[in-house]
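With numbering that gives the first Met the number 0 as the guide, the letters of the sequence shown map in order to residues 0 to 338.
Data block below; observations after.
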Amino acid sequence: MVQGDVAAALEARLTGIYRQTAPAVVNITTQILRRDFFWGVIPESGAGSGFLWDDQGHIVTNYHVVEDAHTIDVSFGPGLVTSAKIVGVDPSNDLAVLHVNDVPPNIQSIPQGDSDALNVGQIVVAIGNPFGRFQRTMTMGVISALDRTIKVKEGRVLRGVIQTDADINRGNSGGPLLDSSGRVIGVISAIYSPTGANAGVGLAIPINKAKRVAPVLIEKGRYAHPWLGIEHLGYEITPYLAKSLDLPVDHGLLIAQIYENSPALRAGIRPATDEIILGNTRYLVGGDILVAIDGVPLKSWEDLDAYLQEKTEVGQTVTLDIIRDGKPMQVQVQLGEEP
Numbered sequence: 000m001v002q003g004d005v006a007a008a009l010e011a012r013l014t015g016i017y018r019q020t021a022p023a024v025v026n027i028t029t030q031i032l033r034r035d036f037f038w039g040v041i042p043e044s045g046a047g048s049g050f051l052w053d054d055q056g057h058i059v060t061n062y063h064v065v066e067d068a069h070t071i072d073v074s075f076g077p078g079l080v081t082s083a084k085i086v087g088v089d090p091s092n093d094l095a096v097l098h099v100n101d102v103p104p105n106i107q108s109i110p111q112g113d114s115d116a117l118n119v120g121q122i123v124v125a126i127g128n129p130f131g132r133f134q135r136t137m138t139m140g141v142i143s144a145l146d147r148t149i150k151v152k153e154g155r156v157l158r159g160v161i162q163t164d165a166d167i168n169r170g171n172s173g174g175p176l177l178d179s180s181g182r183v184i185g186v187i188s189a190i191y192s193p194t195g196a197n198a199g200v201g202l203a204i205p206i207n208k209a210k211r212v213a214p215v216l217i218e219k220g221r222y223a224h225p226w227l228g229i230e231h232l233g234y235e236i237t238p239y240l241a242k243s244l245d246l247p248v249d250h251g252l253l254i255a256q257i258y259e260n261s262p263a264l265r266a267g268i269r270p271a272t273d274e275i276i277l278g279n280t281r282y283l284v285g286g287d288i289l290v291a292i293d294g295v296p297l298k299s300w301e302d303l304d305a306y307l308q309e310k311t312e313v314g315q316t317v318t319l320d321i322i323r324d325g326k327p328m329q330v331q332v333q334l335g336e337e338p
């Protein structure tokens, strides 16, 4: 195939994707009522994107798009604006589901792909409403990386994130990231930029995570996250710390405190019993050392959080490998729901 034929085939594929999927991409506008000590209630507006999830009028977007919204309007195009209600939210995964009663005829939900089957270098397409003004803008790029972990607002962590160089700006949040077959592979969530404008680093929540979370939000209004109940006030053990504290292992988590009425406490996990000063740092010591969960070694609190959020669910029993009084042992813990 000559170069012109390749370009023509790509153009035909892209225009076909746009025709089939763009009608299901919506512009979301919100009104937020801020309270000011001097001025009282001040209305503020916000904007983002979303896409039709099913034939029942459910729309998937980001939690941060509708956070604190007093009213929400969804636009399917000029003159096709309808009010929406929040069905459920999951702040931890930055996902939300809205519902509208009136979906224009002949608009269908977008097919969903498989984000576990993605590869770096694949062509992707983003459709959204940058800056809340340029509705249904389409951009193209590639998957730049997979399985990114990023920290977002209020210390929340998004895991398994898709990175793309497709042009994404403020207002694209909540819109779909599509593969070359026009299937949703991610929910656009953020950009990494020192200026707030596109810098070639766009981030999307994998569609497989949305497929796990959205149905629960539709059914229950919230998504339960598994919880051990160990406070992150302990310490990540390093070879230096192990030597200084004369610990029997050079990796793991030194448990300092445990929440009351938590699964860990009910299972008999022991918190710190004493404290020492090492250099300029106070260490709570004497508690259990957590070295693995279900056989997976732990070197950081992020390792533990990632395993709980990605590999377990509420009610599941996990096996903790701990060191207690210098001796290895295993403890079974049934995970609770994160408060």
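We put the CB at the ideal spot given by N, CA and C, even for glycine.
For the pair isoleucine 187 and alanine 203, the CB atoms are nearer than the 7 Å cut-off. When only Cα atoms are considered, glutamate 301 and isoleucine 288 end up about 16 Å apart. Residue environment analysis places threonine 60 among the buried positions, since at least 16 neighbouring C-beta atoms fall within 10 angstroms of its C-beta. In the structure shown, threonine 272 adopts coil according to DSSP, grouped into three states.
Residue state for asparagine 100 is assigned as coil, using DSSP reduced to three classes. For valine 88, the CB contacts under 6 Å within the same chain, skipping 5 residues up- and downstream, are Tyr62 and Ala95 in chain order. In this structure, alanine 255 and glycine 286 form a Cβ contact; the two beta carbons are roughly 6 Å apart against a cut-off of 8 Å. Note on geometry: alpha-carbon atoms of proline 22 and valine 295 lie some 45 Å from one another. According to DSSP, leucine 264 shares a beta bridge with no other residue.
When C-beta atoms of the region 113-128 are compared with those of the region 153-166, three or more pairs fall below 8 Å, so the two segments count as touching. For serine 243, the uninterrupted alpha helix (DSSP H) run begins and ends at 238-243, by DSSP.
Around the Cβ of glycine 45, a 10 Å sphere holds 16 or more other Cβ atoms; the residue is buried.
Taking C-alpha positions only, aspartate 324 is separated from leucine 246 by approximately 10 Å.
Rounded to the nearest angstrom, the Cβ distance from phenylalanine 50 to proline 175 is 5 Å, consistent with a contact under 8 Å.
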